[in-house]
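Single-structure report; data block below.
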Amino acid sequence: MNSNDVSRRAFLTAAVAAGGGLLIGPLLDSELLAGTTTMQGASAVPLNAWIRVSPDDVVTLIASQSEMGQGVMTTLPAVLAEELGADWSRIKIEFSPTAPPYRNPRIDWQFTGNSESTTGFFELLRTMGASAREMLIIAAANRWGVTADECSTDNGRITHRLSGRSMRFGDVAEDAARVKPPANPKPKPESDWKLLGKSLSRVELPGKIGGSAVFGLDFTMPGMVSAAIKQSPVHGGVVADFDKSSVMNLPGVIDVVPIPNGVAVVARQYWQAYRALKMLKVTFQSGANASLSDATLNSQYRSALDGNVWKTVKTEGEAVTREAMRPRFASVYSQEYESQFLAHATMEPMNCTAHVTNEGCTIWGPLQGNQLAQVTLASVLNLPPEKITINRTLLGGGFGRRLLVDFVVQAALVSRAVGKPVKVVWSREEDMQHDVYRPATLQRITAGLDKVGKPSALAHDVVSPSILQYVFTPAVTEDNDPSCLEGLMESHYQIPSQRVDFHLLKIGAPTSVLRTTGYGPNIFAVESFIDELAARAGRDPYLFRHDLLKDERSLKVLETAAEKSGWKRRAPKGVGRGIAYTEAFRTHIAHVVELSVERGLVKIHGITCVIDCGVALDPEICKNSIEGGTVWGLGVAFKSNISFKDGRTVESNFHDFQIPRIYETPPIDVHIVNSNTNGMGGTGEVGPVTVIPALTNALFAATGKRYRTLPLSRHGLKLA
Amino acid sequence: MLQVELIFLGSLLGILAATGGGGEAVFAQSRNEAHARAAFMEAFKVFSHPRCVNCHPAGDAPLQGEDSRPHTSLRLRRGSDGQGVFAIKCGNCHQAQNQPGLHMPPGAPYPLKDGAEDQAHRGEPRWHLPPAATPMVFEKRMPGQLCRQLLDKTKNGGLTPEQLVHHVNTDPLVLWGWNPGEGRNAPPISHAEFVHKVQEWIDKGRACPR
Amino acid sequence: MAQIVFTLNGQSVTVDAEPEKPLLWVLREDLGLTGTKYGCGMAICGCCVIHLNNDAIRSCVTPVARAEGKAVTTIEGLSRDLNHPVQRAWLEVQVPQCGYCQPGQMMSAACVLAQKANPTDADIDDAMSGNLCRCGTYPRIRRAIHRAADIAGGKGGRQ
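Chains as they are written, first to last, in this note's numbering: chain A, 1 to 720; chain B, 721 to 930; chain C, 931 to 1089.
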C-alpha cells in the first residue's frame, strides 16, 4: 500500500479540520514533552497531521504508537525530525489522538503491537517529514526570492546555501502551512542521516528514572475515585449474587457495581476499595468451564492431533502428506513438540481510568489497542466514536495484553454507574488469573529424508487455539487463524515438498496475542526438528542449516552468529552449543547458546544473538530489546507456565508464575547486521523466538537428551 | 522416628541391665535420663517442624513452606549477623507482625524490655536467622545431635539451660511458630506443652538421645 | 486512624491513616508520590522498594506505622536533578525499557552502593535478586551498578 497517495489527503484534511488544535495527550512529563495546557497549541501551526511548528520555534512531533519500552516514542518522532531537519534538542512529543491519520497503513487500523510500529510507519513518516521540510523550504525560498533547490534544512533552520542566509522554522511556519503539500516529497538519503542509525537518548527516560513518569496506574485527576474488581474465578462464569451491604460501611466505600462477569467495589482510594473487596460477600456461577483442567485440555489437544479434522493451509511442491511418506523416501522421521500456556504478567497490572458523561467518554490509560477501545466503547455506551477520547499514558509493559479492551470497558461502565471519573485497578492476582493467555500448542513435524538425511519433504501439523480472536476478529474464521501459523507459511529452508495442516482448537480457557504470537511455539518446533535431522544425519547443526538456506540475509545472519559465538572452536567436554535461525516479524535472527549441565542445574556460559532488521534505526534500543527478549525466552524455556484446575487458573502471583531474575541471566552478546531499509523488520517480539530452540539444542549437545515440551522445569531442569 | 525410638529403648534397656543389683541412686538417675530423653523427643517434634527448621537451615539461606523449599526465588544470604544482606535483609520484607492474607510475609516484633514494649524498636520487626558464627542448625539434625548442640554454649550463643528455657518461652520468633499466619501450620504440640517439655528435659538432667 | 509523623524526602510530614495501611498506598494516594509502584502486593517483585532510614524496605507490606519518626526516601527524593550516581548511570546506560520496575531497581541499587562502594557481580546477584524486570533489562542493570560505583568514585553514592 503506497501511503503517499492514498492517505496524504486524509492526513491534511484531518489537520485542517482540527485547526491546529489537535487533541492533546496529557500526562507526559519530561521537558521534551508537551503539557496538557500547552498554549503553543493555539498558535502552533500544523504542517500536517504529524508536525506542528510554533512561532517561538518549538517543533511538536506526534507519536502515534504507544510507548511500552520499545522506544517508539523516541525513534518514530526521530524519523520525522530527521527528514524535517529539526533541532532534536528543541522538539516536543505528543501522543496522537485515535484518528484515521494515525492508523497503521498496512491494515488501516490504529494499534501498537505485532512488532510493526517501525515497519508500519517508517516510510509514511519519512514522507510526512520530507513533505513538511519541503513546505518550509518553499516558504523560505519565496520569502528570499530564491529557488527551493538552493535551500536545505538543518538543526531547525532553513538555509539558502549560496548566500548563507538562514531563518528558523518558527519564522516561516505560518507561510509554510499555506504551501500546497508536494506531490512526491523526497526522503533524505540514509547517508545524510544524523539521528537515525545512531543511539539517541530516550525522551521519556528522565521521567522513568526520576519517578515522575505517569503510567496508567499513576494517573489521577480531580474528583477521581478508584475501583477494585473481582471477576468469576472460573473462566467464563458469572456473578450469581453479591451483597453490597457487606462493605458499604467500610471507610471510603462509595458503591458496588456489576461489571461483565464480575463486580467492582468503588471507593475514594484504591487501597480502601481493595480492602473492601476482600470482605465483599459475592458468589459466582461457574458455567460451562467448571471442570476445565490441564487434564481435560491435554485430552482435547491429543484428540485433535490424533484426529482427522484438518485444514490444509500451505502446500508447496508435491506437498506429500505424512502418511504418504514412508514408501517415497529413504527414511521418515517424526516428532511432536509442545509449548505451554503463558501469562503476560506485565509489571504494571491492568488498569484504566474513564469518565463517562452524557457528552461522551474520556479514557486515560495504558492502551495498545486504542482504536479497538474507541470502537468497542462506542458500541457499549451507545455513543458515536468521535465522542470517545482516548488518552494514552506510558505502559508498564504490554506484550500484547493491552491490545484487549476488557479493562477499558470495565472502567467506562463503572464510571457511568457512579457518575464520576473512575480508575479501575486489577490486583496482581486478578491480573494473573484473568489474563488472556498465550495458547499452548501441540505440533507434529514429519520429514521424508534422502539417503544422506537431508529433508525432501516436510509435513507440519499444528493444533492451536486462536490468537487473534479478540484483538483482530476479521482475520479469524471458523477453522483458521493466520497468527497461529506464523513462521510456517514461508520458510527459508529449501525443502521441495512442504505442507502445513492446521486444527483451530476451541477451548474454554481464554487465549490471545502474547509476545512472539505464533512464531514462538512454531519456531521452537521447527528449529528443534531441523536440529534433530542434523543429528540423525551426523552433521554439524550449523552446516546442516547452512546447506538448506539460500537467502543472502538468512545466510549472513547465520554465518555471523556462528562466527561471533566461536561455533567452530571445539567445545570443552561437557559444554554444549546449540544454534537456531529464523525470520520472524520480517527480521532475520539467530541465537547460539553455550551451556553445561550438572545434576539438573543448567549453567549458561553465554548467549550470542545476531539480527538483521533491515536497518536498526536506534542500535541501543534494538540491543536492549533483543537482550530483554532473550531473557524473556529463558523464562519461557525454563519456568513460566500457566496451568488450569477446576475451571480456574492455578497461578496467582510471581511466587508461582515464575520469570527470570538477575542472577540467572547469563552474558548476552547482541550483534546487529544492517542490510537495507527496503527490508525493515520488527524487533519487539523477535528476541525470544530463536533463543528457546537454541537452548534446547544446546542441551542436546551437552547431554544427548532432547527436550520437546516446555517448560523445562517439567523435566527437572533449572537455570543455575 | 522409629529408628530413634528403638535406639532409645535399646539404651534404656542397656542401662537397666547394667544397673544389675546396683544402687537406687543410679536407678533414679537412669529413670531421670529416660524421662529427660522422652521429654526431649517430644520437644523434638517442634524443633524438627518446618516452622522452626525453615529459619534454622543448614545452608546460608532460609527455607520456606511445609516442604522446606528454598525461600521464594530470591537469592537470600544469612549475612554475618543473620539479618540478611544488602537490599533484601529479612526486615526489609518481614514486619513486626504477620501481614494479612495468603503468601504474605510473616512477622515478629522485638522482645519485651523489662516487661514492656521496647520503645527503641517500636514497630520494628525482629526477623532473622541465627548469626553465621553460631548457625544453630536444625535442618536434618538427628535428635541426639541437636540435643548436644543446644546444650553447647559455644554453639548456642552462650545460653545456660535456664536461659534456653527462657528463650523458648518468651522469644517472639519462637512464639511466632504457633501464630504463623494464614495458610501455615503450627507445630503438632502447643507452645505451653513444648516449653513444659523443654523444662522437663532440663530438670530431669538434660540427657540427650544417643 | 492515627497521626503518623515522619520525614519524607527531607521534609517532615504528618499523615492521618490507619496504622496498618501499607506505606506504599500512603505514599501513592495520601501523599501523591506515584514513583513507587505496585507490582505484586506480596514483597516478591521489588517495585515498591523505598528507603526507610538506610534500609531498602518493601512498602507494599510495610505498615505506615513503622515509618513513625524515621526518614523515608522515595525515588523522587533520591536526588535533585537526577544526579545520584545510580540515576546518572541508569541514564548513561539507558537501562529502562518500560520503566515500571526501575524505581524499585534503583532504590535497591542505591542501598547496595551505600553499603559496598564496589559491589562484585556476585554481590549484585545477591543484592538485586529481589527485583523483577519483566522486560529483561538485567544485563543493563548490572552494567549500570558497576558504572554507578565508578561515578560515585568509591564514596558509595552518599551525597
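Beta carbons: idealized from backbone N, C-alpha and C, even for Gly. Predicted model, so just to flag it, every value in this text is computed and none were measured.
Query raised in the report: Taking the C-alpha atoms as reference points, what is the distance between Y581 of chain A and G453 of chain A?
Result: For the purposes of this step, residue 581 of chain A is identified with residue 581 of the first sequence, where counting begins at 1. For the purposes of this step, residue 453 of chain A is identified with residue 453 of the first sequence, where counting begins at 1. Approximately 20 Å, taken between the alpha carbons.
Report task. Taking C-beta pairs closer than 7 Å, name the residues in chain B that Y663 of chain A reaches, listed in chain order. Result -> The residue given as residue 663 of chain A occupies position 663 in the first sequence. Under the 7 Å cutoff, chain B gives R795.
Query raised in the report: By Cβ distance, which residues of its chain are closer than 6 Å to G129 of chain A, with the 5 residues on each side in sequence left out?
Result: Indexing the first sequence from 1 puts residue 129 of chain A at position 129. If we look at G129 of chain A and ignore the five residues flanking it on each side, its Cβ neighbours are L80, E83 and L84.
Query raised in the report: How big is the Cα-Cα spacing for R326 of chain A and E532 of chain A?
Result: Within the first sequence, the letter at position 326 stands for residue 326 of chain A. Within the first sequence, the letter at position 532 stands for residue 532 of chain A. Rounded to whole angstroms, R326 of chain A to E532 of chain A spans 18 Å at the Cα level.
Report task. Could you tell me how far apart the beta carbons of T966 of chain C and I987 of chain C are, in whole angstroms, since I believe they sit closer than 8 Å? Result -> If you number the third sequence from 1, residue 966 of chain C lands on position 36. If you number the third sequence from 1, residue 987 of chain C lands on position 57. That belief does not hold up - the Cβ atoms of T966 of chain C and I987 of chain C are roughly 11 Å apart, past 8 Å.
**Report entry** Listed by chain order, chain C residues near Q433 of chain A by CB distance under 8 Å
**Finding:** Sequence index remark: in the first sequence, residue 433 of chain A carries index 433 (1-based). Residues of chain C passing the Cβ test: none, with the nearest at roughly 13 Å.
Report task. Could you tell me which of C:L1062, C:A947, C:G976 and C:A1039 sits nearest to N984 of chain C, measuring between CA atoms? Result -> Here residue 984 of chain C corresponds to residue number 54 of the third sequence, with the count starting at 1. Residue C:A1039 is the option with its Cα nearest to N984 of chain C.
Query raised in the report: Among A:P187, A:I138 and A:K281, which residue has its Cα nearest to the Cα of V263 of chain A?
Result: Against the first sequence, residue 263 of chain A aligns to sequence position 263. The alpha carbon of V263 of chain A has as its nearest neighbour, out of A:P187, A:I138 and A:K281, the alpha carbon of A:K281.
Report task. Work out the CA separation of A240 of chain A and V256 of chain A for me, nearest whole Å. Result -> Position 256 of the first sequence, counted from the first residue, corresponds to residue 256 of chain A. Position 240 of the first sequence, counted from the first residue, corresponds to residue 240 of chain A. Spanning the two alpha carbons is a distance of roughly 14 Å.
Query raised in the report: According to DSSP, what are the bridge partners of A1001 of chain C?
Result: Mapped onto the third sequence, residue 1001 of chain C falls at position 71. According to DSSP, A1001 of chain C bridges with C:T937.
Requested in this report: Mind checking who M167 of chain A pairs with in its DSSP beta bridge?
Outcome: Position 167 of the first sequence, counted from the start, is the residue given in the question as residue 167 of chain A. Paired residues: A:I158.
Query - Span of the beta strand (DSSP E), counted from its first residue to its last, around F544 of chain A - result: In the first sequence, residue 544 of chain A corresponds to position 544, counting from 1. Segment P541 to L548 is the alpha helix (DSSP H) holding F544 of chain A; no beta strand (DSSP E) there.
Query - Residue-chain proximity (C813 of chain B, chain C), Cβ-Cβ < 9 Å - result: If you number the second sequence from 1, residue 813 of chain B lands on position 93. So yes, C813 of chain B belongs to the interface.
Query raised in the report: Would a check of beta-carbon distances place N1061 of chain C closer than 9 Å to chain A?
Result: As a working mapping, residue 1061 of chain C is identified with position 131 in the third sequence. Cβ-Cβ to chain A under 9 Å: yes for N1061 of chain C.
Query raised in the report: Between P855 of chain B and P892 of chain B, is the Cβ-Cβ spacing less than 9 Å?
Result: Here residue 855 of chain B corresponds to residue number 135 of the second sequence, with the count starting at 1. Here residue 892 of chain B corresponds to residue number 172 of the second sequence, with the count starting at 1. A distance of 9 Å or more separates the beta carbons of P855 of chain B and P892 of chain B.
Query raised in the report: Shorter than 9 Å from the beta carbon of P1026 of chain C to some beta carbon of chain A?
Result: As a working note, residue 1026 of chain C is residue 96 in the third sequence. So yes, P1026 of chain C belongs to the interface.
**Report entry** Distance between I611 of chain A and A228 of chain A (C-alpha atoms, nearest Å)
**Finding:** For the purposes of this step, residue 228 of chain A is taken as the residue at position 228 of the first sequence. For the purposes of this step, residue 611 of chain A is taken as the residue at position 611 of the first sequence. Each residue's alpha carbon lies about 43 Å from the other.
Query - Residue from A:Y519, A:I363, A:V253 and A:L458 whose Cα sits closest to the Cα of W271 of chain A - result: Numbered from its first residue, the first sequence carries residue 271 of chain A at position 271. The candidate whose alpha carbon is nearest that of W271 of chain A is A:V253.
Report task. Find out if the Cβ-Cβ distance for the pair F585 of chain A, S115 of chain A is shorter than 9 Å. Result -> The count along the first sequence starts at 1 and reaches residue 585 of chain A at position 585. The count along the first sequence starts at 1 and reaches residue 115 of chain A at position 115. Taking 9 Å as the Cβ cut-off, F585 of chain A and S115 of chain A qualify as a contacting pair.
Query raised in the report: Whose C-beta lies closer than 6 Å to the C-beta of Q815 of chain B among residues of the same chain, with five residues either side of it excluded?
Result: Locating residue 815 of chain B in the second sequence gives position 95, counting from the first residue. Correct list, in chain order: G827 and P845.
Report task. Taking 9 Å as the cut-off, decide whether the C-beta atoms of A561 of chain A and V592 of chain A are in contact. Result -> Reading the first sequence from its first residue, position 561 is the one you call residue 561 of chain A. Reading the first sequence from its first residue, position 592 is the one you call residue 592 of chain A. Against a cut-off of 9 Å, the Cβ pair of V592 of chain A and A561 of chain A comes out as a contact.
Requested in this report: Under 8 Å by Cβ, that's how I've got T992 of chain C and P952 of chain C pegged, so tell me the actual separation to the nearest angstrom.
Outcome: Locating residue 992 of chain C in the third sequence gives position 62, counting from the first residue. Locating residue 952 of chain C in the third sequence gives position 22, counting from the first residue. Yes, they are in contact, since the Cβ atoms of T992 of chain C and P952 of chain C sit about 6 Å apart, within 8 Å.
Report task. Kindly indicate if chain A contains any beta-carbon less than 9 Å away from that of G821 of chain B. Result -> To locate residue 821 of chain B, count along the second sequence from 1; it is residue 101. Cβ-Cβ to chain A under 9 Å: yes for G821 of chain B.
Requested in this report: Within its chain, find whatever has a CB closer than 6 Å to the CB of K645 of chain A; leave out the 5 residues flanking it on each side and keep chain order.
Outcome: Counting from 1 along the first sequence, the entry for residue 645 of chain A is found at position 645. Cβ neighbours of K645 of chain A beyond the five flanking positions: S293.
Query raised in the report: Ends of the beta strand (DSSP E) at E594 of chain A?
Result: In the first sequence, counting from the first residue as 1, residue 594 of chain A sits at position 594. Where E594 of chain A is concerned, the enclosing beta strand (DSSP E) stretches over T587 to E598.
Query raised in the report: Is there contact here, the segment 1005 to 1021 of chain C with the segment 1030 to 1038 of chain C, by at least three beta-carbon pairs under 8 Å?
Result: Contact between the segment 1005 to 1021 of chain C and the segment 1030 to 1038 of chain C is present, because at least three Cβ pairs lie under 8 Å.
Report task. Please say whether H823 of chain B and N351 of chain A have beta carbons closer to each other than 9 Å? Result -> For the purposes of this step, residue 351 of chain A is taken as residue 351 along the first sequence, with counting starting at 1. For the purposes of this step, residue 823 of chain B is taken as residue 103 along the second sequence, with counting starting at 1. Contact: no.
Query raised in the report: What does a CB cutoff of less than 8 Å around A290 of chain A pick up in its chain, not counting 5 residues either side in sequence?
Result: Sequence index remark: in the first sequence, residue 290 of chain A carries index 290 (1-based). Around A290 of chain A: V234, G237, D646 and G647.
Report task. State yes or no: is the C-beta of T587 of chain A within less than 9 Å of the C-beta of G682 of chain A? Result -> As a working mapping, residue 587 of chain A is identified with position 587 in the first sequence. As a working mapping, residue 682 of chain A is identified with position 682 in the first sequence. Yes, the Cβ-Cβ distance between T587 of chain A and G682 of chain A is below 9 Å.
Query raised in the report: At which residues does the alpha helix (DSSP H) containing R438 of chain A begin and terminate?
Result: As a working mapping, residue 438 of chain A is identified with position 438 in the first sequence. First-last for R438 of chain A: undefined, no H or E at that position.
Query - Beta-carbon gap between F341 of chain A and N641 of chain A smaller than 9 Å - result: As a position in the first sequence, residue 341 of chain A is number 341, starting the count at 1. As a position in the first sequence, residue 641 of chain A is number 641, starting the count at 1. Their beta carbons are under 9 Å apart, which means F341 of chain A touches N641 of chain A by this criterion.
Report task. Just mark P189 of chain A as buried or exposed, buried being the case when its beta carbon has 16 or more other beta carbons within 10 Å. Result -> Position 189 of the first sequence, counting from 1, holds the residue named residue 189 of chain A. Answer is exposed; the Cβ neighbour count stays below 16.
Query raised in the report: Between D1056 of chain C and R797 of chain B, which are expected to be in contact by the criterion C-beta below 8 Å, what is the C-beta distance as a whole number of angstroms?
Result: The count along the third sequence starts at 1 and reaches residue 1056 of chain C at position 126. The count along the second sequence starts at 1 and reaches residue 797 of chain B at position 77. D1056 of chain C to R797 of chain B, Cβ: 5 Å. Contact.
Query raised in the report: Within 10 angstroms of its Cβ, does G684 of chain A collect 16 or more other Cβ (buried), or is it exposed?
Result: Locating residue 684 of chain A in the first sequence gives position 684, counting from the first residue. Buried, by the Cβ-count rule.
Query - Beta bridge counterpart(s) of R988 of chain C as assigned by DSSP - result: Numbered from 1 along the third sequence, position 58 holds the residue referred to as residue 988 of chain C. C:V979, per the DSSP bridge assignment.
Query - Under 9 Å between C-beta atoms of V356 of chain A and S415 of chain A - result: Residue mapping note: residue 356 of chain A aligns to position 356 of the first sequence, counting from 1. Residue mapping note: residue 415 of chain A aligns to position 415 of the first sequence, counting from 1. Yes, these two residues count as a Cβ contact at 9 Å.
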